[in-house]
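Position 172, counted from 1, in the sequence shown is what numbering that gives the first Met the number 0 calls 171; the numbers after and before it change by one each time, with no gaps.
Even glycine gets a Cβ: it sits at the ideal position worked out from N, Cα and C.
The model shown is predicted, which means the values in this text are computed figures rather than measured ones.
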Amino acid sequence: MKQSSLILAAVTALFIMGLASMVSRVSLREPPETPKATVTIREGSTASEVNSILNAKGVLADSTLPKELEGFLFPDTYEFFLGSSLDVVKGKFEENFNSKLKSLSVENLSAEELKEVIIIASLIEAEVPHSEDRRIVAGVIQKRLEAGIPLQIDASICYLKGDPCLPITDSDKKIDSLYNTYLHRGLPPGPIGNPGLDAIEASINPEKSPYLYYISDPETGRAVFASSLDEHNSNVVKYLGY
């Protein structure tokens, strides 16, 4: 073989080897990662508010979480891939909800019992900002339910009205909805938001007390309790001025 042919063959072999090496390196390189979004859901957020956050962050661009998940979208900080499917997002919320509630020993509750726990917790989350008051309020709610007394929880009206909510007017109390706890006895048909662990724990472990009424001090946010209607009316005048 002529020397020129040998040189050409060597150059061709080196080119092929280099090309193969480059292809190998490219094929072993990890594909570019899909961008993620960090999403923080605060305690008491509604399903509608959660959907707004997810859409704004580009997590769910063309779909929304169903209203039936209200109460079960556990407040926390999550990471989602942009453009995630609805099933993936629902699955992550469900997994976190189940994980967080393991510490509260709810495995013996039926689905209906768990729903009632979450409904009461959502009312507490929206109505009672201080942890020290929550178990007592849970006990008041339980006592009023057993006595067939309307719960008369302002937060349930706010769920219907949206912002701005306060003050609650007499006409608000006549809104024809099963979520109106002034007009209808018993619990609303579903949660009014997504409660955190503290409110859920209070709902599971209500504290017995002599109280049947409470209001919130507008200055401190603390609950002011009363055992009788007269005492309650006095608290209304003292703290709310009407």
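- LYS89 and VAL38 have their alpha carbons spaced roughly 14 Å apart.
- A direct Cα-Cα distance of roughly 11 Å separates GLU200 from GLU124.
- For SER215, there is no enclosing alpha helix (DSSP H); the enclosing beta strand (DSSP E) covers residues 212-215.
- Assigned with DSSP and collapsed to three states, PHE71 falls in coil, not helix or strand.
- Under the three-pair Cβ rule at 8 Å, the region 225-239 does not count as touching the region 92-111.
- Of all C-beta pairs linking the region 179-193 to the region 53-64, fewer than three are shorter than 8 Å, placing the two stretches out of contact.
- When beta bridges are read from the DSSP output, THR39 appears opposite THR76.
- Per DSSP, the unbroken alpha helix (DSSP H) holding ALA198 starts and ends at 196-203.
- Counting along the chain, the unbroken alpha helix (DSSP H) around VAL116 starts and ends at 110-126.
- Considering only LYS207, ASP132, GLY195 and LEU122, the residue with the shortest C-alpha distance to CYS157 is LEU122.
- Within the DSSP bridge table, the entry for PHE224 names TYR213 as partners.
- Annotation for LYS56: ALA36 and VAL38 place their beta carbon closer than 6 Å to its own, counting only its chain and skipping 5 residues before and after.
- When only Cα atoms are considered, ARG134 and SER83 end up about 38 Å apart.
- Here the alpha carbon of GLU93 sits roughly 17 Å from the alpha carbon of GLY189.
- Put simply, of SER155, ARG41 and THR33 the residue whose alpha carbon is nearest the alpha carbon of PHE80 is THR33.
- Here ASP175 carries a coil assignment [DSSP, helix/strand/coil].
- For GLY220, the closest C-alpha among the options ILE191, LEU239 and ASN232 is that of LEU239.
- Closest option to PRO166, judged by alpha-carbon separation, among LEU159, LEU177, ASP153 and SER98: ASP153.
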